[in-house]
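So the protein lines, in turn, are chains G and P.
Counting in the numbering used here, the first sequence runs from 1 upward without gaps.
Counting in the numbering used here, the second sequence runs from 328 upward without gaps.
Ideal Cβ placement from N, Cα and C applies to all residues, glycine included.
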Amino acid sequence: MAVATNNDALLEVRNLKKYFPVTKGLILMKTIGYVQAVDGISFSIKQGETVGLVGESGCGKTTTSKLLLRLENPTEGDILLEGRDINTFRGAELQDYRTTVQAVFQDPWSSLSPRMRVRDIVSEPLVVNRNVTTQEKNERVAEVLQQVGLHAQQATNYPHEFSGGQRQRIAVASALVSYPKLIVLDEPVSALDVSIRAQVMNLLKDLQEQYNVSYLLIAHNLATVRYMAHETAVMYLGQIVEYAETEELYNNALHPYTRALFSAALPSHPDLIREDIVLQGEVPSPINPPSGCRFHPRCPFAMPQCSEEAPVEKEVSPGHRVSCHLY
Amino acid sequence: MAAVTTTPEVAAPSTPQRENRLVSGLRVARELPVIPLLVLILLLAIPAIFANQLAPHSQRIGVLDDAKLPPFWISESFEERMVVQRADRNRLDVEIGLSNAQRKVERGEATILVGGEDGEVNPGDTLRFQARKGGSMEYPLGTDKQGRDILSRIMHGARISLMVSSLAILLGGGLGTLLGMLAAYRGGKTDSIIMRIVDIKLAFPSILLALVLVAAIGAGFTTVIVVIAVLLWARYARVVRGEALAIKQQDFIDRARVSGASNARIMMRHIFPNLVNTVVVLATLEVGHVIILESTLSFLGAGIPAPTPAWGVMVADGRDLITTAWWIFLFPCLAIVLTVLSMNLLGDWLRDKLDPKLRNI
Numbered sequence: 001m002a003v004a005t006n007n008d009a010l011l012e013v014r015n016l017k018k019y020f021p022v023t024k025g026l027i028l029m030k031t032i033g034y035v036q037a038v039d040g041i042s043f044s045i046k047q048g049e050t051v052g053l054v055g056e057s058g059c060g061k062t063t064t065s066k067l068l069l070r071l072e073n074p075t076e077g078d079i080l081l082e083g084r085d086i087n088t089f090r091g092a093e094l095q096d097y098r099t100t101v102q103a104v105f106q107d108p109w110s111s112l113s114p115r116m117r118v119r120d121i122v123s124e125p126l127v128v129n130r131n132v133t134t135q136e137k138n139e140r141v142a143e144v145l146q147q148v149g150l151h152a153q154q155a156t157n158y159p160h161e162f163s164g165g166q167r168q169r170i171a172v173a174s175a176l177v178s179y180p181k182l183i184v185l186d187e188p189v190s191a192l193d194v195s196i197r198a199q200v201m202n203l204l205k206d207l208q209e210q211y212n213v214s215y216l217l218i219a220h221n222l223a224t225v226r227y228m229a230h231e232t233a234v235m236y237l238g239q240i241v242e243y244a245e246t247e248e249l250y251n252n253a254l255h256p257y258t259r260a261l262f263s264a265a266l267p268s269h270p271d272l273i274r275e276d277i278v279l280q281g282e283v284p285s286p287i288n289p290p291s292g293c294r295f296h297p298r299c300p301f302a303m304p305q306c307s308e309e310a311p312v313e314k315e316v317s318p319g320h321r322v323s324c325h326l327y
Numbered sequence: 328m329a330a331v332t333t334t335p336e337v338a339a340p341s342t343p344q345r346e347n348r349l350v351s352g353l354r355v356a357r358e359l360p361v362i363p364l365l366v367l368i369l370l371l372a373i374p375a376i377f378a379n380q381l382a383p384h385s386q387r388i389g390v391l392d393d394a395k396l397p398p399f400w401i402s403e404s405f406e407e408r409m410v411v412q413r414a415d416r417n418r419l420d421v422e423i424g425l426s427n428a429q430r431k432v433e434r435g436e437a438t439i440l441v442g443g444e445d446g447e448v449n450p451g452d453t454l455r456f457q458a459r460k461g462g463s464m465e466y467p468l469g470t471d472k473q474g475r476d477i478l479s480r481i482m483h484g485a486r487i488s489l490m491v492s493s494l495a496i497l498l499g500g501g502l503g504t505l506l507g508m509l510a511a512y513r514g515g516k517t518d519s520i521i522m523r524i525v526d527i528k529l530a531f532p533s534i535l536l537a538l539v540l541v542a543a544i545g546a547g548f549t550t551v552i553v554v555i556a557v558l559l560w561a562r563y564a565r566v567v568r569g570e571a572l573a574i575k576q577q578d579f580i581d582r583a584r585v586s587g588a589s590n591a592r593i594m595m596r597h598i599f600p601n602l603v604n605t606v607v608v609l610a611t612l613e614v615g616h617v618i619i620l621e622s623t624l625s626f627l628g629a630g631i632p633a634p635t636p637a638w639g640v641m642v643a644d645g646r647d648l649i650t651t652a653w654w655i656f657l658f659p660c661l662a663i664v665l666t667v668l669s670m671n672l673l674g675d676w677l678r679d680k681l682d683p684k685l686r687n688i
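Here's what the structure looks like:
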């Protein structure tokens, strides 16, 4: 699964794997297997662009984000930030990484400490990693709060005084405060009211232009990804099955799983005639994934070859890669 | 910087919220549990702080002549007995021996009610004498068998109770909170080891453990505090661990780690502030428990050594006189009951008030 090395890539993920051991027994813990949460994925994110990561629950999206944020250590593979492996960072380098890569989590109700004032929540990445004076800190917090559409005076309030959308804005402000180069957006709008979603998505797009920051957008809502992402990766059972520029992917989906995914989403107009693929069965267990192509037990186009041989990723058109024996 | 999407969702500036804070502050003040607070202030706080100024008598030195005086509202009582040559052992409530009667008259403790025209006590006379001394405002709650003022001793005892409970809870609660947080945050082996020690500790009968510890270290004020702290920490560790585990699951802990906060910073700045409610409520509820423990230890002779007026020591002192001088043991008992009850009511109220789920509605 060789990836063309991208020189202008901010972040490059190469053959990343994360296996969680499954243990048995209380005292002498015996490993009886591994959950192959992420199994050899590769992609890269360019400066100032957004890569969307879609897939159903349990396909490894969140594990990927945790690996990028160094909340988990990978079993195998590299994550390169500007060409340097992030898992070798220690001390000052690590501190630098912590200000360079930030995150916005899904649930704004659980991602802000109820006992801290907004000022302390927002300034945490600055305070921890850089020596800033109180005045510098307060000025930066006021600036970034205004940029996300809140009032500077609200810095002294507590999170419970804000609505869900405002809380997510606070989370965005905190992610932006240290001028990061990459923000991992883990389902940033799925916990919000539909009426607030567009506002927050527009805010994120505006801030991307302003800060030239890259996003890794993790979502299961296809419309969100289409609206925000420049490139999109479709994940199934820990692997990327299709990767393309977002418009290309939405107009010309190749992999049967991607097509099934699109056919399951509501169309923008009820009279729209579309391909109708209904997948049978459940997602197989990542402890014991199917042989060959992991999608073959549920694939409507499965061939005898599919259960024996894992498909190799092919570039069918420039920038459009797919792992399927059909192509 | 260029203006970013301004939206209708933005809230008004915070001035009205300040007013709301004042209003809600007043509301909280109105809802204060008045009776438990009053009891605590009058019974525990004021006597404990001003015992030296307020206590009418010495806490240690008594007047033997004033021993076993009843509380002020009990007046002295008299009884009348027939003087006989030799009193019948079974009829002592109505008869008195001649020599005994003569002695009482000489001392002025008794007057001759019938007979005694010659100024002498003769068999067949009726004597009237004091059965029990009356109480007075000199000793409002009476005196014990060494003639020490019970009110003064209860006041000084409040100081002991307050000091023991606050220091023991600070020590035991602090240790328990720290270990519970560590167990929850580190998980794995640290968690297993700490929680197994907690289980072992909780499996011991606490009074037995306390007695063993006192026997090992020797009785004294410091010992009592250490022993009670040792008895307390495990419960704290268990409760705090449970709470901290729930907090650890929340996204803001992950966010702090993404920001690069150290483990110590995450524990102190992100987990601990969210535990404060639990710890404070547990501390108020434990005050009652600690006062009872301290009293039990003192009662068993393993606590505060005798002349110091701990409430438990006073109860132990009065135990053998329950039938004749009930006030010696009753008032310290009442002090313990009222304090513990008030503390528990206050703890219940605090728990409701501090729980953000109940508060934020």
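(message) Mapping the DSSP letters down to three states, classify arginine 321 of chain G as helix, strand or coil.
(response) strand
(request) Pull up the distance between the alpha-carbon of glutamate 245 of chain G and that of histidine 320 of chain G, whole angstroms please. (result) 7 Å
(message) I want to know whether the segment 23-43 of chain G touches the segment 55-74 of chain G - three or more CB-CB distances under 8 Å.
(response) yes
(message) Less than 6 Å between C-beta atoms, sequence neighbours within five positions excluded: which residues of the same chain meet that for threonine 258 of chain G?
(response) Val234, Glu242
(request) Please confirm whether alanine 155 of chain G and valine 118 of chain G have their CB atoms less than 8 Å apart. (result) yes
(request) Take the Cβ of methionine 328 of chain P as the centre, count every other Cβ of all protein chains shown within 10 Å, and call the residue buried at 16 or more, exposed below. (result) Residue placement at methionine 328 of chain P is flagged as unreliable, the pLDDT there being 40, under the threshold of 50; the coordinate-derived value follows with that caveat. Label assigned to methionine 328 of chain P: exposed.
(request) Closer than 7 Å, Cβ to Cβ, to anything on chain P: give me those residues from the segment 63-85 of chain G, in chain order. (result) Leu69, Leu71
(message) Just to confirm my understanding: we take arginine 98 of chain G, look at its own chain, exclude 5 residues before and 5 after, and list those with CB closer than 6 Å. What are they?
(response) Asn129
(request) Closer than 8 Å by beta-carbon distance: list the chain P residues that pair up with alanine 103 of chain G, in chain order. (result) Asp581, Arg582, Val585
(request) Report buried or exposed for glycine 461 of chain P, applying the criterion of at least 16 other Cβ atoms within 10 angstroms of its Cβ. (result) exposed
(request) Would you mind reading off the limits of the beta strand (DSSP E) that contains phenylalanine 20 of chain G? (result) 9-24
(message) Please state the DSSP three-state secondary structure of isoleucine 496 of chain P.
(response) helix
(message) Could you compute how far the alpha carbon of valine 411 of chain P sits from the alpha carbon of glutamate 422 of chain P?
(response) 7 Å
(request) With a cut-off of 8 Å on the beta carbons, I'd call glycine 292 of chain G and serine 268 of chain G a contact; round off their distance for me. (result) So it is not a contact: roughly 35 Å between Cβ atoms.
(request) Answer with yes or no whether the minimum CB distance from alanine 2 of chain G to chain P is below 8 Å. (result) Because alanine 2 of chain G carries a pLDDT of 40, less than 50, the predicted location of this residue cannot be relied on, and the following value inherits that uncertainty. False, the Cβ-Cβ gap to chain P never drops below 8 Å.
(request) Evaluate alanine 264 of chain G with the Cβ neighbour count: other Cβ atoms within 10 Å of its Cβ, from every protein chain shown; 16 or more gives buried, anything less gives exposed. (result) exposed
(request) Below 8 Å between beta carbons is the criterion; list the residues of the segment 124-140 of chain G that meet it against any residue of chain P, in chain order. (result) Glu124, Pro125, Val128, Asn129
(request) Inspect the beta-carbon positions of phenylalanine 456 of chain P and lysine 472 of chain P and report whether they are closer than 8 Å. (result) no
(message) Can you check whether the C-beta of threonine 5 of chain G is within less than 8 Å of a C-beta belonging to chain P?
(response) The pLDDT assigned to threonine 5 of chain G is 49, lower than 50, so where the model puts this residue is not dependable, and the model offers no usable value.
(message) Which residue marks the beginning of the beta strand (DSSP E) containing glutamate 570 of chain P, and which one marks its end?
(response) Here glutamate 570 of chain P belongs to no beta strand (DSSP E); instead the alpha helix (DSSP H) covers 548-575.
(request) Go ahead and pull the three-state DSSP assignment for serine 65 of chain G. (result) helix
(message) Quick check: the segment 384-393 of chain P against the segment 463-481 of chain P, are at least 3 beta-carbon pairs closer than 8 Å?
(response) yes
(request) Would you mind sorting glutamine 576 of chain P into buried or exposed? The rule is 16 or more other CB atoms within 10 Å of its CB. (result) exposed
(request) Please list the segments of the alpha helix (DSSP H) lying wholly inside the segment 353-419 of chain P, counting only runs of 4 or more residues, in order along the chain. (result) 361-367, 373-381
(message) Please report the distance separating the alpha-carbon of alanine 375 of chain P from that of serine 479 of chain P.
(response) 11 Å
(request) For histidine 160 of chain G, count neighbouring C-beta atoms within 10 Å of its own C-beta (all shown protein chains included) and say buried if the count is 16 or more, exposed if not. (result) exposed
(request) Establish whether the CB of alanine 588 of chain P and some CB of chain G are separated by less than 8 Å. (result) yes
(request) Taking glutamine 577 of chain P as the query, report the chain G residues whose CB atoms sit under 7 Å from its CB, ordered along the chain. (result) Ser110
(message) Let me make sure I understand the geometry here. Which of P:Lys528, P:Arg592, P:Phe579 has the alpha-carbon closest to that of valine 554 of chain P?
(response) P:Lys528
(request) Determine which residues of the segment 381-392 of chain P have a Cβ less than 8 Å from any Cβ of chain G, and write them out in chain order. (result) none
(request) Using a threshold of 8 Å, state whether the C-beta atoms of proline 360 of chain P and tryptophan 676 of chain P are closer than that. (result) yes
(message) Looking at the secondary structure, which residues open and close the alpha helix (DSSP H) in which phenylalanine 456 of chain P lies?
(response) No alpha helix (DSSP H) holds phenylalanine 456 of chain P; the beta strand (DSSP E) holding it covers 453-459.
(message) Residues in the same chain with beta-carbon distance under 8 Å from alanine 37 of chain G, minus the five sequence neighbours each way, listed in chain order, please.
(response) Lys18, Tyr19, Phe20, Gly60, Thr63, Gly238, Pro286
(request) Return helix, strand or coil for serine 533 of chain P, following the three-state DSSP convention. (result) helix
(request) State the start and end residues of the unbroken alpha helix (DSSP H) segment that holds serine 426 of chain P. (result) 425-434
(message) 8 Å is my cut-off, CB to CB: does arginine 592 of chain P come that close to chain G?
(response) yes
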